[in-house]
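Trainee: Numbering (the working numbering), first residue to last: 278 to 912. Quick one: the structure is below, and I'll ask about it shortly.
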Amino acid sequence: MDSMGLARIVGFVALGVTLTATDAPGQAGDSAPSRIVVWADHDDDDADGRPDGEQTVVPPPGRVDLVPLPARWVGAVLQAVSGGDHARVLAGSSAVPLPWGRVVPDPAWLQGLTPGTVELVTKGAGGRTRLTIEVRGIDMRDGEGELVDMARSHASLERTPPMRVEGPPDANYDDPDALRVVMSVPDDGPGLDGDREISVDSLNAGGVRVDSMARLPLAPSGCPRPHANVRCWTSAPLRLVIDDVDRDHPLVADRSIKAEVGGGIVLRSEGRKAQMIRVLGPRKLPRDLFDEHATSPPTSIGRLRATLRPFVVRVVPGGAPAIGGTDAGAVGALRVELVAASAIWGQCGITFGDVKQVDVRLVDPPPSHLVAIGDDLGISASGGEIRLRVDGKAISVPTVSGETPDRVAHDLARFAERMGLVAIVSPNARIGPGLAPSVDVSLRRRDGALVSIDTMPGVPLSTDATLSVRIGSVDLSDGLQHFTDLDAVAGTLEERTLLKALDDGDPATIEVVVVPLFAGGGRIGESFIGSDLSSVRNVVLLDRAGIRARKSSLTLAHELGHVLMDFPGHPDDYGVDTPTLLMDSDAADASAFGPRRITLQECGRVVRHSGPKGRLPLLADWPIGPIPISSVPRP
Ligand SMILES: [Zn+2]
Numbered sequence: 278m279d280s281m282g283l284a285r286i287v288g289f290v291a292l293g294v295t296l297t298a299t300d301a302p303g304q305a306g307d308s309a310p311s312r313i314v315v316w317a318d319h320d321d322d323d324a325d326g327r328p329d330g331e332q333t334v335v336p337p338p339g340r341v342d343l344v345p346l347p348a349r350w351v352g353a354v355l356q357a358v359s360g361g362d363h364a365r366v367l368a369g370s371s372a373v374p375l376p377w378g379r380v381v382p383d384p385a386w387l388q389g390l391t392p393g394t395v396e397l398v399t400k401g402a403g404g405r406t407r408l409t410i411e412v413r414g415i416d417m418r419d420g421e422g423e424l425v426d427m428a429r430s431h432a433s434l435e436r437t438p439p440m441r442v443e444g445p446p447d448a449n450y451d452d453p454d455a456l457r458v459v460m461s462v463p464d465d466g467p468g469l470d471g472d473r474e475i476s477v478d479s480l481n482a483g484g485v486r487v488d489s490m491a492r493l494p495l496a497p498s499g500c501p502r503p504h505a506n507v508r509c510w511t512s513a514p515l516r517l518v519i520d521d522v523d524r525d526h527p528l529v530a531d532r533s534i535k536a537e538v539g540g541g542i543v544l545r546s547e548g549r550k551a552q553m554i555r556v557l558g559p560r561k562l563p564r565d566l567f568d569e570h571a572t573s574p575p576t577s578i579g580r581l582r583a584t585l586r587p588f589v590v591r592v593v594p595g596g597a598p599a600i601g602g603t604d605a606g607a608v609g610a611l612r613v614e615l616v617a618a619s620a621i622w623g624q625c626g627i628t629f630g631d632v633k634q635v636d637v638r639l640v641d642p643p644p645s646h647l648v649a650i651g652d653d654l655g656i657s658a659s660g661g662e663i664r665l666r667v668d669g670k671a672i673s674v675p676t677v678s679g680e681t682p683d684r685v686a687h688d689l690a691r692f693a694e695r696m697g698l699v700a701i702v703s704p705n706a707r708i709g710p711g712l713a714p715s716v717d718v719s720l721r722r723r724d725g726a727l728v729s730i731d732t733m734p735g736v737p738l739s740t741d742a743t744l745s746v747r748i749g750s751v752d753l754s755d756g757l758q759h760f761t762d763l764d765a766v767a768g769t770l771e772e773r774t775l776l777k778a779l780d781d782g783d784p785a786t787i788e789v790v791v792v793p794l795f796a797g798g799g800r801i802g803e804s805f806i807g808s809d810l811s812s813v814r815n816v817v818l819l820d821r822a823g824i825r826a827r828k829s830s831l832t833l834a835h836e837l838g839h840v841l842m843d844f845p846g847h848p849d850d851y852g853v854d855t856p857t858l859l860m861d862s863d864a865a866d867a868s869a870f871g872p873r874r875i876t877l878q879e880c881g882r883v884v885r886h887s888g889p890k891g892r893l894p895l896l897a898d899w900p901i902g903p904i905p906i907s908s909v910p911r912p
């Protein structure tokens, strides 16, 4: 049949209207069969983890690909002459399968199961007619040539720089994420000549279109293994990419579409939905990522959510925010960073949720609420007295020879609590050359407000000759004193005074803090990770230069990588310089070949350390639900 006729039939199916006079079967007796095209329904529109075509009851969200049976066959008996296993009828308000040979009730739908042709005879009030159901198939194939189950597996975001794919449409290729689309059409039907194409819609989890591709050409090819008596057409490997930089690169622009974790890729033929595949994390994790004793190590990554607490610090109390010029500008600027970082981590199936709505807090630099005991080297006391003022009231704490910083800190806390204050004692990680950890004491009022600590006029803070005691203060006008290799695990006193003021005590959240600038130049971002065993952990600090460098260095995403992997190193520390990797230490390039890729090993490391079963679960499983979607696209 010519393509016009095919289009008309597909149009009929799409609209679900009753047959027109030209296409209608004869009114009585045997006649030319009418033909309905349906798609084998092995995607998972109701997101229950099972192919829709294998469900015994199909709830409404799973019915997207069902085709209502024309009203004229309601009340008739449908008898399968051949190919009855390629499709089924679902009937009644719960859409349960109806065996062939039964009277069709109202409502009833056709559902394709596997590619092939079903020949039916209908017997009923209108007499005897013939009906052909042509079941077409859409499958996805990966770079190793294996079929990707549209329901039990998923698609993943691109982790490979743009590259050319050569060879015939059946050829394998070296890209673990891109997938070919394969269309199968029964080889006894019409429309088997020439090339074909499909259109592609990329939707987010809420059903909103992220991107679309009007034309993905399909070329004649071999067919996937299980299908028989079909002819097949296959596309170039389709890349699901995170942003325009990847989408528009000339090497891959004709086969790239933007996508989001939790969303879906809808493949359409002549406008009508054929099948869909969900977009989640990497499909195949290498087995050797998890040690042999791990019970049921993950083999793929679905969707994982990290909870971020973003802050922009003002230069001075009540002053301008570190970035953005105005309060609204600061919130907007940090949200742009978070959107970009969330998209990047989508390569591992990780999202930071609806970051366009996330609460960004603007905060003043804190008052001097923190006293560090044994600061730096953690040398014990030799006897003396600590004297300080809290909100104008004097406290004096005696020290005894041999007391550790921890002991003295708890004494100070007890004295402060007697004054009606709340004291939070937090040890720091022992820094390289230190004898013992230093210990911080943060003082607050009962309502949680930080108090201001200072020295008494003319009186030294401490008379102890060996125990170092310092009051922390934050002065951002000269830049934040950042850690060096020596004190990286604990952070500087100024960093701790800032970050301990913002800490919510929840080890499962990640604080993202933007300051005006780091002192000394050079530093634009840093992170405090879990394995440092410090009381400051799972924090990313950025300055405005780090924000400015987003396009070329993705500073926020990089620093979050250190936190999520719980690893301070960089791949290039070990001599392998791969400037396309996000975790490269010094790459800066705003193109698709810039530092933006995350390896499977790195995704696995993130799951091992920060996943729901990790040592410090920063990531929670976030199961997907159905995407609101219709068979024909909304205008
Ligand atoms: Zn780094």
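Virtual Cβ for every residue (Gly too), placed ideally from N, Cα, C. Quick caveat: nothing in here was measured; it's all calculated off a predicted structure.
#1: Please classify A690: does DSSP put it in a helix, a strand, or coil?
#2: Just checking my contact of G422 with P392 at CB under 8 angstroms: how many whole Å lie between their CB atoms?
#3: Quick one: measure Cβ to Cβ for S830 and V817, integer angstroms, because I've assumed they're closer than 8 angstroms.
#4: Helix, strand or coil for T409, going by three-state DSSP, please let me know.
#5: Can you give the Cα-Cα distance for D717 and V529, rounded to whole angstroms?
#6: May I have the straight-line CA-CA distance separating I901 from A693, to the nearest angstrom?
#7: Look at the Cβ atom of D322, then the Cβ atom of M553, and state whether they are nearer than 8 angstroms.
#8: What are the start and end residues of the beta strand (DSSP E) that includes T511?
#9: Under 7 angstroms: does the beta carbon of H886 sit that close to some heavy atom of ligand 1?
#10: Do L744 and S868 have their C-beta atoms within less than 8 angstroms of each other?
#11: Pull up the distance between the alpha-carbon of V635 and that of Q356, whole angstroms please.
#12: Between the Cα of M915 and the Cα atoms of R666, A428, L581 and G798, which residue gives the shortest distance?
#13: So what's K633 in DSSP terms, helix, strand or just coil?
#14: Taking 8 angstroms as the cut-off, does the region 442-450 touch the region 508-520 (at least 3 CB pairs, one atom from each stretch)?
#15: If I measure Cβ to Cβ from D752 and keep anything under 8 angstroms in the same chain, skipping five residues before and after, which residues do I get?
#16: Rounded to a whole number of angstroms, what is the C-alpha to C-alpha distance between S673 and S619?
#17: How far does the beta strand (DSSP E) with L776 in it extend, from its first residue to its last?
#18: Rounded to whole angstroms, what is the Cα-Cα separation between D631 and E537?
#19: Verify the contact flag: S862, CB atom, against every heavy atom of ligand 1, threshold strictly below 7 angstroms.
#20: In the DSSP assignment, the beta strand (DSSP E) including K246 goes from what residue to what residue?
#21: Give the DSSP-derived three-state secondary structure of L833 in the structure shown.
#22: Do H504 and ligand 1 come close, with the Cβ less than 7 angstroms from some heavy atom?
#23: Pop quiz: R800 and I600 are said to be a contact at Cβ under 8 angstroms. What is the actual Cβ separation, rounded to whole angstroms?
#24: Thinking C-alpha only, which one of L895, P905 and R882 is nearest P575?
#25: When every heavy atom of ligand 1 is checked, does at least one fall within less than 7 angstroms of the C-beta of H759?
#26: Are the Cβ atoms of L517 and I542 separated by less than 8 angstroms?
#27: List in chain order: all unbroken beta strand (DSSP E) runs of 3+ residues lying wholly within the region 420-464.
#28: Can you find a CB in chain B that lies within less than 8 angstroms of the CB of P643?
#29: Find the nearest neighbour of G360 within the set G756, P467, N481 and N506, judged by alpha-carbon distance.
#30: At a cut-off of 7 angstroms, is H835 close to ligand 1 when judged by its beta-carbon and the heavy atoms of the ligand?
#31: Quick check on R486: does DSSP put it in helix, strand or coil?
#32: Mind checking whether the beta-carbon of H431 lies closer than 7 angstroms to any heavy atom of ligand 1?
#33: So the alpha helix (DSSP H) W622 belongs to, where does it begin and stop?
#34: Is it the case that the Cβ atoms of D653 and S715 are separated by a distance below 8 angstroms?
#35: To the nearest angstrom, how far is the alpha carbon of P337 from that of S546?
#36: How is the alpha helix (DSSP H) around A700 delimited, first residue to last?
Mentor: Let's see:
#1: In this structure, DSSP gives A690 a helical state, which the three-state scheme calls helix.
#2: Wrong, their Cβ atoms sit about 18 angstroms apart, outside the cutoff.
#3: Incorrect: roughly 14 angstroms between the Cβ atoms, too far for contact.
#4: Note: T409 maps to strand in three-state DSSP.
#5: 54 angstroms
#6: 49 angstroms
#7: Contact: yes.
#8: V507 to S512
#9: no
#10: no
#11: 57 angstroms
#12: Residue 915 lies beyond the stretch modelled for the chain, which goes from 278 to 912, so this question has no answer here.
#13: coil
#14: yes
#15: P642 and E771
#16: 49 angstroms
#17: L776 -> not in any beta strand (DSSP E); alpha helix (DSSP H) instead, spanning L770 to L779.
#18: 11 angstroms
#19: yes
#20: Within the shown structure, residues of the chain are numbered from 278 to 912, placing residue 246 beyond reach of any answer.
#21: In the structure shown, L833 sits in a helix (DSSP, three-state: H, G or I).
#22: no
#23: Contact between R800 and I600 is ruled out by a C-beta separation of about 16 angstroms, above the 8 angstroms threshold.
#24: Closest in alpha carbon position to P575, among L895, P905 and R882, is R882.
#25: If you check the C-beta of H759 against ligand 1, you find no heavy atom less than 7 angstroms away.
#26: yes
#27: 457-463
#28: No chain B appears in the structure shown, which is made up of a single protein chain.
#29: When each option's Cα is compared against that of G360, the closest is N506.
#30: yes
#31: strand
#32: no
#33: D604 to W622
#34: yes
#35: 23 angstroms
#36: Taken as a continuous stretch (DSSP letters only), A700 belongs to no alpha helix (DSSP H), being part of the beta strand (DSSP E) at V699 to P704.
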